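Per the working numbering, residue 3 is the first one in the sequence shown, and the count goes up by one each step. The beta carbon of each residue, even a glycine, is placed where N, CA and C say it ideally should be. From a predicted model like this one, the values you see are computed outputs, not experimental measurements.
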Amino acid sequence: QYEIMQVLARDAIENDPFSGRAFSDLARTFENATDLARRNGQPEAAETYARTFAAHAQQALDRDPLNLGTRRMLGLARYKLGRTLADQNRHTDAVPAYETALVVLTDASDRDPDDIELRKDMMRAAYRLGISARRSDDAQKARLSFERAVAAAQPVAEAGALNTGDRNLVTFALNNLAAMAYDEQQGGRMVAYAETAVVILGEKPFLLARQHARGLALNGAYDDALDVLRGAMKPYLSQPTLTSAAQREFDELERLEAEYESQLEQQPGFDEPVP
């Protein structure tokens with residue numbers, strides 16, 4: 003099917019070599035081939051298709067530079083190239099692909115700031131850039147990228163357009179930021195990231211409740227950390243049964259509770275009577 007579509011698109015280009023639409027159609031066939039190869043677990047083939055997709059998307063944009071749809075397509079092409087490289091654990095190579103994708107998508111979003119789908123594309127590109135940068139040991143780039151993903155999510159949340167996948171992305175981005183802050187012994191930043199989750203998501207998911215408590219404990223505020231943990235445990239305690247995943251989460255909250263109770267008891271003056 004893809005081969006037939008490519009033949010038709012190439013015929014259209016030959017008939018009208020200045021047609022941006024024909025180049026866009028040709029590019030889309032390679033996008034579909036990229037997605038299929040990734041689903042089939044063929045990362046090397048997917049990379050080849052993604053590079054061709056990006057090349058044709060660039061040609062299409064060169065012929066129609068004012069077309070926002072084509073500009074977005076180029077951003078997606080570079081993003082999908084990054085995904086194919088990351089699939090092969092080539093995160094250092096994936097970083098520039100994601101960076102280019104983010105530049106193109108940001109430019110498109112600046113031209114149409116009300117396009118929610120463009121905002122979501124920016125979220126995904128920034129998040130994946132953060133993942134690959136972190137795995138390439140570039141902590142500063144990773145932090146900035148995760149922060150960009152969170153910032154891009156805010157107007158989407160305000161529009162009420164965050165779906166489950168989007169909410170998970172925001173959660174994971176903030177969790178990565180908090181984990182990096184923990185490594186740097188920055189408890190205050192961890193707390194701020196947890197509070198950002200409430201602003202954007204309207205709740206504090208398990209991962210961020212955990213990081214919130216860890217941040218408070220890092221600063222020696224064990225009483226406050228225990229309050230956070232016990233508040234996070236209430237929804238689990240209200241359920242008659244827990245899934246295996248929920249049970250693991252609850253066990254982690256209980257583990258931290260026991261750890262912080264022990265730390266609190268060891269603090270000077272813990273057993274002294276209250277005047």
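A contact between stretches requires three or more CB pairs, one per stretch, nearer than 8 Å, and the region 226-242 meets this requirement with the region 199-216.
Residues M124, A127, A128, L131 of the same chain have their beta carbon placed closer than 7 Å to that of L104, with the five preceding and five following residues left out of the count. The shortest C-alpha to C-alpha distance from D117 to any of L28, P45, A163, R92 is the one to A163. When secondary structure is reduced to three states using DSSP, L176 falls in the helix class.
A direct Cα-Cα distance of roughly 21 Å separates E119 from T36.
Close CB contacts of M235 within its chain, under the 7 Å cut and outside five residues either way in sequence, are with F252, L255 (chain order). Burial state of G71 is exposed, judged by a 10 Å Cβ sphere holding fewer than 16 other Cβ atoms. Every alpha helix (DSSP H) of 4 residues or more that sits fully in the region 106-158 is shown, in chain order, as 118-137.
Using a 10 angstroms sphere on the CB of D64, the tally of other CB atoms stays under 16, which defines it as exposed. DSSP places G71 in the uninterrupted alpha helix (DSSP H) bounded by 70-89. Secondary structure at D185: helix, using DSSP grouped into helix, strand and coil. Under the three-state reduction of DSSP output, D66 falls in the coil class, being neither helix nor strand. For L210, the enclosing alpha helix (DSSP H) starts and ends at 208-220. Spanning the alpha carbons of L179 and M192 requires a straight line of approximately 8 Å.
The Cβ atoms of A110 and G77 lie closer than 8 Å to each other. Pairwise C-beta distances place the region 216-225 out of contact with the region 200-207, as fewer than three of them are shorter than 8 Å. In the three-state DSSP reduction, A223 falls in the coil class, being neither helix nor strand. Taking a 10 Å sphere around the C-beta of S147, we find 16 or more other C-beta atoms and assign the residue as buried.
C-alpha of A96 to C-alpha of L239: approximately 43 Å in a straight line. In the DSSP assignment, L244 falls outside any alpha helix (DSSP H) and carries neither an H nor an E. The C-alpha of A181 lies about 15 Å from the C-alpha of K143.
A straight line joining the alpha-carbon of T243 with that of Q249 spans about 9 Å. Counting the other Cβ atoms within 10 Å of the Cβ of V201 gives fewer than 16, which makes it exposed. D168 sits close to A155, with the two beta carbons spaced by under 8 Å.
Q269 and H93 have their C-alpha atoms roughly 44 Å apart. A29 places its beta carbon less than 8 Å from that of F55.
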